[in-house]
Amino acid sequence: MEDFVHKLRQYVKSGTPAERRIAKYFSEHLNDLPFETAASVADRLDLSPMTVGRFLRALGYQGLDSVKVEIRETVTTSPAQLQSAMSELHADAAEGKPLAVLVAEQIQALHHIYHLTAQPHWAEAVRLISTAREVSIATHARLASLANHFCQRLTQARDGVRTLDATDNRFAELFARQAVDDALLVIIDCRRFAKARLLARTARRYGYKVVLISPQQADWMADQSNVMLSLPPARAPDLDNLPPLIALLDCLSESVILEVGEEAALRRRRMLEFATVLGETANH
(Lines of atoms letter the chains of each structure in order from A and count residues from 1; the text may use other names and numbers.)
(Lines give C-alpha, C1' and ligand atoms only; values in the text may rest on other atoms or scores of the structure.)
Protein backbone atom coordinates (compact mmCIF):
# COMPACT_ATOMS: atom_id res chain seq x y z
CA MET A 1 0.00 0.00 0.00
CA GLU A 2 2.90 2.38 0.72
CA ASP A 3 4.14 1.82 -2.86
CA PHE A 4 0.67 2.68 -4.19
CA VAL A 5 0.55 5.91 -2.19
CA HIS A 6 4.12 6.80 -3.28
CA LYS A 7 3.20 6.38 -6.95
CA LEU A 8 0.12 8.56 -6.46
CA ARG A 9 2.28 11.34 -5.03
CA GLN A 10 4.59 11.13 -8.03
CA TYR A 11 1.67 11.42 -10.45
CA VAL A 12 0.25 14.37 -8.50
CA LYS A 13 3.54 16.18 -9.18
CA SER A 14 4.42 15.11 -12.72
CA GLY A 15 1.46 13.39 -14.43
CA THR A 16 -0.77 14.68 -17.18
CA PRO A 17 -3.65 16.91 -16.09
CA ALA A 18 -6.03 13.92 -16.03
CA GLU A 19 -3.50 11.75 -14.16
CA ARG A 20 -2.93 14.48 -11.59
CA ARG A 21 -6.66 14.77 -10.95
CA ILE A 22 -7.10 11.03 -10.54
CA ALA A 23 -4.01 10.67 -8.34
CA LYS A 24 -5.11 13.56 -6.14
CA TYR A 25 -8.60 12.09 -5.77
CA PHE A 26 -7.24 8.64 -4.89
CA SER A 27 -4.79 10.14 -2.36
CA GLU A 28 -7.52 12.11 -0.60
CA HIS A 29 -10.13 9.31 -0.64
CA LEU A 30 -8.24 6.08 0.12
CA ASN A 31 -10.87 5.02 2.66
CA ASP A 32 -13.61 5.47 0.06
CA LEU A 33 -11.99 3.41 -2.70
CA PRO A 34 -13.52 0.09 -1.55
CA PHE A 35 -16.92 1.61 -2.39
CA GLU A 36 -15.94 3.12 -5.75
CA THR A 37 -15.81 1.83 -9.31
CA ALA A 38 -13.82 3.16 -12.26
CA ALA A 39 -17.08 4.54 -13.63
CA SER A 40 -18.00 6.33 -10.39
CA VAL A 41 -14.52 7.88 -10.12
CA ALA A 42 -14.69 8.96 -13.76
CA ASP A 43 -18.09 10.54 -13.16
CA ARG A 44 -16.84 12.45 -10.11
CA LEU A 45 -13.85 13.82 -12.05
CA ASP A 46 -15.68 14.36 -15.36
CA LEU A 47 -13.38 11.89 -17.12
CA SER A 48 -14.01 8.72 -19.10
CA PRO A 49 -13.83 5.29 -17.40
CA MET A 50 -11.19 4.35 -19.99
CA THR A 51 -8.95 7.18 -18.73
CA VAL A 52 -9.28 5.92 -15.15
CA GLY A 53 -8.57 2.37 -16.33
CA ARG A 54 -5.43 3.42 -18.21
CA PHE A 55 -4.19 5.24 -15.12
CA LEU A 56 -4.69 2.15 -12.95
CA ARG A 57 -2.80 -0.02 -15.47
CA ALA A 58 0.02 2.51 -15.46
CA LEU A 59 0.19 2.02 -11.68
CA GLY A 60 0.45 -1.74 -12.23
CA TYR A 61 -3.17 -2.74 -11.47
CA GLN A 62 -5.66 -4.48 -13.76
CA GLY A 63 -8.45 -2.35 -12.39
CA LEU A 64 -9.90 -0.82 -9.25
CA ASP A 65 -10.82 -4.26 -7.89
CA SER A 66 -7.09 -5.08 -7.65
CA VAL A 67 -6.57 -1.93 -5.59
CA LYS A 68 -9.46 -2.91 -3.30
CA VAL A 69 -7.88 -6.32 -2.66
CA GLU A 70 -4.60 -4.70 -1.66
CA ILE A 71 -6.40 -2.24 0.62
CA ARG A 72 -8.23 -5.10 2.37
CA GLU A 73 -4.99 -7.02 2.83
CA THR A 74 -2.81 -4.17 4.07
CA VAL A 75 -4.93 -1.44 5.66
CA THR A 76 -5.50 -2.02 9.36
CA THR A 77 -7.22 0.05 12.02
CA SER A 78 -4.83 1.36 14.64
CA PRO A 79 -5.72 1.07 18.35
CA ALA A 80 -6.09 4.84 18.50
CA GLN A 81 -8.51 4.86 15.54
CA LEU A 82 -10.48 2.00 17.07
CA GLN A 83 -10.70 3.75 20.44
CA SER A 84 -11.85 6.96 18.74
CA ALA A 85 -14.53 5.09 16.79
CA MET A 86 -15.76 3.31 19.92
CA SER A 87 -15.91 6.56 21.87
CA GLU A 88 -17.97 8.16 19.10
CA LEU A 89 -20.27 5.12 19.01
CA HIS A 90 -20.84 5.15 22.78
CA ALA A 91 -21.51 8.91 22.74
CA ASP A 92 -24.08 8.50 19.96
CA ALA A 93 -25.68 5.53 21.76
CA ALA A 94 -25.90 7.56 24.97
CA GLU A 95 -27.81 10.20 23.00
CA GLY A 96 -30.25 7.50 21.93
CA LYS A 97 -29.42 7.43 18.22
CA PRO A 98 -31.14 4.20 17.06
CA LEU A 99 -28.42 2.82 14.80
CA ALA A 100 -25.71 3.58 17.34
CA VAL A 101 -27.72 1.76 20.02
CA LEU A 102 -28.16 -1.22 17.69
CA VAL A 103 -24.46 -1.41 16.77
CA ALA A 104 -23.39 -1.03 20.42
CA GLU A 105 -25.69 -3.90 21.43
CA GLN A 106 -24.31 -6.10 18.66
CA ILE A 107 -20.71 -5.35 19.69
CA GLN A 108 -21.62 -6.29 23.26
CA ALA A 109 -23.07 -9.58 21.96
CA LEU A 110 -19.82 -10.26 20.07
CA HIS A 111 -17.89 -9.69 23.31
CA HIS A 112 -20.12 -12.31 24.95
CA ILE A 113 -19.34 -14.81 22.17
CA TYR A 114 -15.61 -14.07 22.23
CA HIS A 115 -15.58 -14.69 25.98
CA LEU A 116 -17.49 -17.92 25.38
CA THR A 117 -14.75 -19.19 23.02
CA ALA A 118 -12.30 -19.30 25.95
CA GLN A 119 -14.54 -21.47 28.15
CA PRO A 120 -14.04 -25.24 28.70
CA HIS A 121 -17.51 -26.09 27.36
CA TRP A 122 -16.65 -24.34 24.08
CA ALA A 123 -13.55 -26.53 23.72
CA GLU A 124 -15.68 -29.59 24.49
CA ALA A 125 -18.22 -28.65 21.81
CA VAL A 126 -15.39 -28.22 19.30
CA ARG A 127 -13.96 -31.62 20.26
CA LEU A 128 -17.32 -33.36 19.93
CA ILE A 129 -18.03 -31.83 16.51
CA SER A 130 -14.50 -32.60 15.28
CA THR A 131 -14.39 -36.24 16.38
CA ALA A 132 -17.97 -37.59 16.19
CA ARG A 133 -18.51 -40.29 13.59
CA GLU A 134 -21.37 -38.26 12.13
CA VAL A 135 -22.95 -34.88 12.91
CA SER A 136 -26.61 -33.97 12.43
CA ILE A 137 -27.75 -30.35 12.76
CA ALA A 138 -31.39 -29.82 13.73
CA THR A 139 -33.35 -26.60 13.97
CA HIS A 140 -36.69 -24.98 13.26
CA ALA A 141 -37.53 -24.56 9.56
CA ARG A 142 -37.26 -20.78 10.03
CA LEU A 143 -33.53 -21.15 10.72
CA ALA A 144 -32.85 -23.79 8.06
CA SER A 145 -30.68 -21.43 5.98
CA LEU A 146 -28.39 -20.77 8.98
CA ALA A 147 -28.12 -24.50 9.69
CA ASN A 148 -27.21 -25.11 6.04
CA HIS A 149 -24.53 -22.42 6.20
CA PHE A 150 -23.12 -23.99 9.39
CA CYS A 151 -23.17 -27.42 7.74
CA GLN A 152 -21.33 -26.17 4.65
CA ARG A 153 -18.66 -24.59 6.83
CA LEU A 154 -18.19 -27.83 8.78
CA THR A 155 -17.75 -29.83 5.58
CA GLN A 156 -14.48 -27.94 5.13
CA ALA A 157 -13.21 -29.84 8.18
CA ARG A 158 -14.89 -33.24 8.04
CA ASP A 159 -17.23 -35.71 6.34
CA GLY A 160 -20.58 -36.93 7.64
CA VAL A 161 -22.37 -33.65 8.36
CA ARG A 162 -26.05 -33.13 7.47
CA THR A 163 -28.90 -30.80 8.35
CA LEU A 164 -32.42 -31.68 9.49
CA ASP A 165 -35.48 -29.53 10.09
CA ALA A 166 -39.10 -30.19 10.94
CA THR A 167 -40.18 -30.14 7.29
CA ASP A 168 -41.82 -33.45 6.28
CA ASN A 169 -41.02 -34.94 9.70
CA ARG A 170 -37.33 -35.24 8.82
CA PHE A 171 -36.37 -35.48 12.51
CA ALA A 172 -37.63 -39.05 12.38
CA GLU A 173 -34.58 -39.91 10.22
CA LEU A 174 -32.49 -39.77 13.38
CA PHE A 175 -34.34 -42.64 15.00
CA ALA A 176 -35.45 -44.76 12.06
CA ARG A 177 -32.29 -46.88 12.14
CA GLN A 178 -29.93 -48.49 14.58
CA ALA A 179 -28.12 -45.86 16.64
CA VAL A 180 -24.69 -45.00 15.28
CA ASP A 181 -21.89 -45.20 17.82
CA ASP A 182 -20.39 -41.82 18.63
CA ALA A 183 -23.03 -39.83 16.70
CA LEU A 184 -23.66 -36.18 17.54
CA LEU A 185 -26.76 -33.99 17.29
CA VAL A 186 -26.33 -30.20 17.25
CA ILE A 187 -29.58 -28.44 18.13
CA ILE A 188 -29.96 -24.78 17.20
CA ASP A 189 -32.81 -23.64 19.44
CA CYS A 190 -35.12 -20.66 19.00
CA ARG A 191 -38.35 -19.49 20.58
CA ARG A 192 -40.51 -21.16 17.88
CA PHE A 193 -38.73 -24.53 18.17
CA ALA A 194 -41.27 -26.22 20.44
CA LYS A 195 -39.96 -29.71 19.60
CA ALA A 196 -36.39 -28.93 20.67
CA ARG A 197 -36.61 -30.37 24.19
CA LEU A 198 -38.42 -33.53 23.08
CA LEU A 199 -35.85 -33.95 20.31
CA ALA A 200 -32.94 -33.58 22.76
CA ARG A 201 -34.38 -36.06 25.26
CA THR A 202 -35.15 -38.62 22.55
CA ALA A 203 -31.72 -38.23 20.96
CA ARG A 204 -29.96 -38.87 24.25
CA ARG A 205 -32.16 -41.88 24.89
CA TYR A 206 -31.07 -43.28 21.51
CA GLY A 207 -27.41 -42.77 22.37
CA TYR A 208 -26.67 -39.48 20.61
CA LYS A 209 -24.47 -36.87 22.22
CA VAL A 210 -26.11 -33.43 22.08
CA VAL A 211 -24.57 -29.97 21.65
CA LEU A 212 -27.19 -27.30 22.29
CA ILE A 213 -27.03 -23.71 21.02
CA SER A 214 -29.77 -21.79 22.79
CA PRO A 215 -30.93 -18.34 23.93
CA GLN A 216 -29.46 -17.42 27.31
CA GLN A 217 -32.89 -17.14 28.92
CA ALA A 218 -34.04 -20.62 27.78
CA ASP A 219 -35.05 -22.95 30.63
CA TRP A 220 -33.12 -26.01 29.52
CA MET A 221 -32.15 -28.64 32.10
CA ALA A 222 -28.49 -29.57 32.46
CA ASP A 223 -29.12 -33.23 31.64
CA GLN A 224 -30.82 -32.44 28.31
CA SER A 225 -27.50 -31.90 26.52
CA ASN A 226 -23.82 -32.79 26.83
CA VAL A 227 -22.74 -29.22 26.10
CA MET A 228 -24.77 -26.00 26.05
CA LEU A 229 -23.60 -22.80 24.33
CA SER A 230 -25.76 -19.85 25.36
CA LEU A 231 -26.43 -16.82 23.21
CA PRO A 232 -26.49 -13.35 24.78
CA PRO A 233 -29.96 -11.95 25.59
CA ALA A 234 -32.08 -10.85 22.64
CA ARG A 235 -32.89 -7.16 22.23
CA ALA A 236 -36.56 -8.06 22.69
CA PRO A 237 -38.20 -11.28 23.92
CA ASP A 238 -39.97 -11.85 20.57
CA LEU A 239 -36.75 -11.70 18.47
CA ASP A 240 -34.74 -14.69 17.25
CA ASN A 241 -31.42 -12.94 18.04
CA LEU A 242 -30.02 -13.73 14.61
CA PRO A 243 -26.84 -11.56 14.48
CA PRO A 244 -25.27 -13.19 17.59
CA LEU A 245 -26.40 -16.62 16.38
CA ILE A 246 -24.72 -16.13 13.01
CA ALA A 247 -21.53 -14.95 14.74
CA LEU A 248 -21.56 -17.92 17.12
CA LEU A 249 -22.03 -20.44 14.28
CA ASP A 250 -19.20 -18.84 12.29
CA CYS A 251 -16.85 -18.86 15.30
CA LEU A 252 -17.78 -22.44 16.16
CA SER A 253 -17.25 -23.74 12.62
CA GLU A 254 -13.94 -21.85 12.36
CA SER A 255 -12.83 -23.35 15.69
CA VAL A 256 -13.57 -26.84 14.32
CA ILE A 257 -11.61 -26.09 11.13
CA LEU A 258 -8.65 -24.89 13.22
CA GLU A 259 -8.92 -27.94 15.48
CA VAL A 260 -8.76 -30.31 12.51
CA GLY A 261 -5.75 -28.40 11.19
CA GLU A 262 -3.83 -29.50 8.11
CA GLU A 263 -6.46 -31.99 6.95
CA ALA A 264 -9.02 -29.16 6.87
CA ALA A 265 -6.65 -27.07 4.76
CA LEU A 266 -6.22 -29.98 2.33
CA ARG A 267 -9.98 -30.54 2.18
CA ARG A 268 -10.59 -26.85 1.43
CA ARG A 269 -7.98 -26.95 -1.34
CA ARG A 270 -9.55 -30.03 -2.92
CA MET A 271 -13.02 -28.48 -2.72
CA LEU A 272 -11.80 -25.29 -4.42
CA GLU A 273 -10.10 -27.32 -7.14
CA PHE A 274 -13.29 -29.30 -7.76
CA ALA A 275 -15.37 -26.10 -7.84
CA THR A 276 -12.97 -24.71 -10.45
CA VAL A 277 -13.30 -27.87 -12.57
CA LEU A 278 -17.10 -27.66 -12.38
CA GLY A 279 -16.99 -23.98 -13.37
CA GLU A 280 -14.78 -24.69 -16.35
CA THR A 281 -17.02 -27.58 -17.42
CA ALA A 282 -20.12 -25.40 -17.20
CA ASN A 283 -18.50 -22.79 -19.45
CA HIS A 284 -17.89 -25.29 -22.26
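Heads up, the sequence shown is in UniProt numbering, so the first residue is 1 and it goes up one at a time.
The beta carbon of each residue, even a glycine, is placed where N, CA and C say it ideally should be.
Taking the C-beta atoms as reference points, I187 is found nearer than 8 Å to V210. Pairing L33 with M50, the inter-Cα distance amounts to about 17 Å. At the C-beta level, P244 and I113 come within 8 Å of one another. The residues L116, in chain order, have a CB closer than 6 Å to that of W122 in the same chain once the five nearest residues on each side in sequence are set aside. Positions of the alpha helix (DSSP H) runs, each at least 4 residues long and wholly inside the region 26-100, are given as 38-45, 49-59, 64-74 and 79-94 in order along the chain. Buried is the label assigned to I22, since at least 16 other Cβ atoms lie within 10 Å of its Cβ. Per DSSP, K195 lies in no beta strand (DSSP E) segment and is marked neither H nor E. Two segments are said to touch when three or more pairs of C-beta atoms, one from each, lie closer than 8 Å; by this definition the region 260-270 does not touch the region 223-235. With 16 or more other CB atoms across the displayed protein chains lying within 10 angstroms of its CB, V41 is buried. R133 is a Cβ neighbour of A183, given a cutoff of 8 Å. In the structure shown, the three-state DSSP call for M228 is strand. Linking P215 to Q83 through their CA atoms gives a straight-line distance of about 30 Å. In the structure shown, D159 adopts coil according to DSSP, grouped into three states. In the DSSP annotation of this structure, the continuous segment of the alpha helix (DSSP H) that includes L242 starts and ends at L242 to V260. Restricting attention to V52, R9, I71 and L154, the CA atom closest to the CA of S253 is found in L154. Checking the DSSP bridge columns, you'll see T139 partnered with D165 and I188. Residue pairing of L8 in beta bridges, as defined by DSSP: absent, with no partner found. Residue F55 holds the alpha-carbon nearest to the alpha-carbon of L8 among E36, V227 and F55. If the five residues before and after Q106 are omitted, its C-beta is found closer than 7 Å to the C-beta atoms of P243, all from its own chain and listed in chain order. Sequence-distant Cβ neighbours of L59 in its own chain, meaning closer than 6 Å and more than five residues away, are K7. Put simply, of R204, A218, A39 and S255 the residue whose alpha carbon is nearest the alpha carbon of C190 is A218. With fewer than 16 other Cβ atoms from the protein chains shown falling within 10 Å of its own Cβ, V69 counts as exposed. In terms of CA proximity to F35, V67 leads the group L185, A265, V67 and M271. Distance between R197 and A118, taken at the CA atoms: about 27 Å. Around the Cβ of V227, a 10 Å sphere holds 16 or more other Cβ atoms; the residue is buried.
In the three-state scheme derived from DSSP, where H, G and I count as helix and E and B as strand, A18 is classed as helix.
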